[in-house]
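> Quick note: the sequence shown uses our numbering, first residue 9, plus one each step. Take this structure first; my questions come after.
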Amino acid sequence: MSLTIVPSRDQGNPLIPVRGDVGVGSFEPGVVTPAEFRRLPRQRLRAVAELTGLSSTASDVLDELGFALAVSSDVLALRTGPARVVGQALTIRYLPERRSSSHPDLRHTPSRLTHHAAFAVAQPGDVAVIEVGGMPAVSVLGGIGAQSAIRAGLAGCIVDGGIRDLEQIQSMGLPVWARTLTPRTGKWRVEAVAINQPVACGGVQVHAGDLVIADETGLCFVPIAVAEVAIDRILEVTRQEAEQLASSPHRPPA
């Protein structure tokens with residue numbers, strides 16, 4: 009795949025490398041917030057990722073802690089990849105492009121999708137959480153974006169909007185949750201306005217650094233301020249439930 013250099017207006021970073029389509033990922037870096045949130049120990053994240061019934065337990069723990077930050081799978085469904093992801097949120101927010109997609113000058117300007125600028129500030133194991141500004145019928149993640157996510161080491165992507173190139177993404181094995189599938193590109197229809205700022209995803213507010221817990225049942229976003237407490241409680245509840253199930257095995261009727 010070719011490497012194209014797209015000029016940036018950020019004087020501190022004059023060139024943004026963009027792979028694939030010319031202009032894909034071009035972005036005004038002035039609203040990119042570095043991922044400077046507190047990092048959770050990786051061994052703790054791995055311990056949580058090994059649990060079964062994960063999002064259900066995490067949702068109960070969020071209820072105990074007083075947070076309404078769980079999203080069901082009928083809102084954001086697992087579309088491809090392994091069915092369990094645990095990592096910290098890298099957030100991206102899109103809004104509708106102000107100009108019409110038929111504007112005569114629009115297609116001569118770079119796309120305002122921002123995979124590459126966003127993924128450049130990610131750390132391996134992060135989870136991209138993407139808000140698409142109330143436009144679920146356009147795609148902001150396809151095969152090229154998924155490949156960039158894998159190269160950046162992302163654990164998965166959650167898109168409150170559309171994705172496309174499903175077969176390509178499936179072949180890569182990247183876990184992706186999305187509101188819908190659509191062939192319509194988001195290029196020239198949406199524009200990135202913020203990276204690592206608060207976003208709305210599945211009707212809940214997500215901040216960069218939040219602990220993301222996702223499986224086939226749904227998704228939970230745990231505020232970083234209570235993440236360690238939540239992890240301890242998730243591990244404890246899972247152990248208690250396992251002991252209860254072991255002491256009361258189900259026997260089918262005679």
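The beta carbon of each residue, even a glycine, is placed where N, CA and C say it ideally should be.
(1) Are Ser64 and Cys228 touching if we call contact CB-CB under 7 Å?
(2) Work out the CA separation of Val245 and Ile138 for me, nearest whole Å.
(3) Return helix, strand or coil for Gln131, following the three-state DSSP convention.
(4) Taking all protein chains shown into account, do 16 or more other C-beta atoms lie within 10 angstroms of the C-beta of Val207, making it buried, or fewer, making it exposed?
(5) Sorry if obvious, but does the Cβ on Val148 come closer than 6 Å to a heavy atom of the ligand COA?
(6) In its own chain, which residues sit with a C-beta less than 6 Å from the C-beta of Val201, not counting the 5 before and 5 after it?
(7) Could you say which of Pro191, Ile242, Asp173, Trp185 lies nearest to Val93 if we only look at CA atoms?
(8) Going by beta carbon distance, what residues of the same chain come within less than 8 Å of Arg247, once the five residues before and after it are set aside?
(9) Rounded to a whole number of angstroms, what is the C-alpha to C-alpha distance between Arg87 and Ser256?
(10) Closest by CA to Ile5, which one among Leu73, Ala126, Val167?
(11) Checking 7 Å against the spacing of the C-beta atoms, do Val79 and Gly217 come in under that value?
(12) Per DSSP, Gln213 is paired with what?
(13) Is it right to say Ser156 is buried, meaning 16 or more other beta carbons lie within 10 angstroms of its own, or is it exposed?
(14) Tell me the DSSP secondary structure of Ser156 in three-state form.
(15) Is it buried or exposed, Asp106, if we count other Cβ atoms within 10 angstroms and call 16 or more buried?
(16) Please determine, among Gly133, Ala126, Ala130, the residue with the shortest C-alpha to C-alpha distance to Val148.
(17) Less than 7 Å between the beta carbons of Thr190 and Ala235, yes or no?
(18) Val140 and Asp168 look like a contact to me (Cβ under 8 Å); what is the Cβ gap, rounded to whole Å?
(19) Excluding the five sequence neighbours on either side, which residues of its own chain have a C-beta within less than 7 Å of the C-beta of Gly153, listed in chain order?
(20) DSSP three-state call for Arg187: helix, strand or coil?
(21) Between which two residues does the beta strand (DSSP E) carrying Glu199 extend?
(22) Taking 7 Å as the cut-off, decide whether the C-beta atoms of Leu98 and Ala55 are in contact.
(23) Terminal residues of the continuous beta strand (DSSP E) containing Val245?
(24) Look up Asp71 in the DSSP assignment and say whether it is helix, strand or coil.
Let's see:
(1) For this step, residue 64 is matched to residue 56 along the sequence shown. For this step, residue 228 is matched to residue 220 along the sequence shown. Contact: no.
(2) Your numbering for residue 138 matches position 130 in the sequence shown. Your numbering for residue 245 matches position 237 in the sequence shown. Whole-angstrom Cα-Cα distance: 30 Å.
(3) As a working mapping, residue 131 is identified with position 123 in the sequence shown. Coil, per DSSP.
(4) In the sequence shown, the residue the question calls residue 207 occupies position 199. It is buried - the Cβ of Val207 has at least 16 other Cβ atoms within 10 Å.
(5) This structure lacks the ligand COA; in fact it carries no ligand of any kind.
(6) As a first step, residue 201 must be located in the sequence shown, where it is residue number 193. Counting only Cβ-Cβ distances below 6 Å, and skipping sequence neighbours, we find Arg101, Leu103.
(7) Position 85 of the sequence shown, counted from the first residue, corresponds to residue 93. Out of Pro191, Ile242, Asp173, Trp185, Trp185 has the C-alpha closest to the C-alpha of Val93.
(8) Locating residue 247 in the sequence shown gives position 239, counting from the first residue. Cβ within range, chain order: n/a, list empty.
(9) Residue 87 sits at position 79 when you count from the first residue of the sequence shown. Residue 256 sits at position 248 when you count from the first residue of the sequence shown. C-alpha separation (whole angstroms): 35 Å.
(10) The structure shown does not extend to residue 5, since the chain spans only 9 to 262, so no value can be given for it.
(11) Reading the sequence shown from its first residue, position 71 is the one you call residue 79. Reading the sequence shown from its first residue, position 209 is the one you call residue 217. Not a contact, by the Cβ cut-off of 7 Å.
(12) Working through the sequence shown from its first residue, we reach residue 213 at position 205. Gln213 pairs with Ala208.
(13) Sequence index remark: in the sequence shown, residue 156 carries index 148 (1-based). Classification for Ser156: buried.
(14) Walking along the sequence shown from the start, residue 156 turns up at place 148. Helix, per DSSP.
(15) Looking up residue 106 in the sequence shown gives position 98. Looking at the sequence shown, residue 106 is not Asp but Arg. With fewer than 16 other Cβ atoms within 10 Å, it is exposed.
(16) Mapped onto the sequence shown, residue 148 falls at position 140. The option with the nearest alpha carbon to Val148 is Ala126.
(17) Position 182 of the sequence shown holds residue 190. Position 227 of the sequence shown holds residue 235. Against a cut-off of 7 Å, the Cβ pair of Ala235 and Thr190 comes out as no contact.
(18) Looking up residue 140 in the sequence shown gives position 132. Looking up residue 168 in the sequence shown gives position 160. Right, the Cβ-Cβ distance comes to about 6 Å (below 8 Å), so this counts as a contact.
(19) Within the sequence shown, numbered from 1, the residue matching residue 153 stands at position 145. Excluding sequence neighbours, Gly153 sits near His123.
(20) Here residue 187 refers to the residue found at position 179 when the sequence shown is read from its first residue. DSSP places Arg187 in strand when its eight states are reduced to three.
(21) On the sequence shown, position 191 is the one that residue 199 refers to. Here the beta strand (DSSP E) through Glu199 covers 198-203.
(22) Residue numbering aside, residue 98 sits at position 90 when the sequence shown is read from its first letter. Residue numbering aside, residue 55 sits at position 47 when the sequence shown is read from its first letter. Contact: no.
(23) Residue mapping note: residue 245 aligns to position 237 of the sequence shown, counting from 1. First-last for Val245: 235-255, but that is the alpha helix (DSSP H), not the beta strand (DSSP E).
(24) On the sequence shown, position 63 is the one that residue 71 refers to. Helix, per DSSP.
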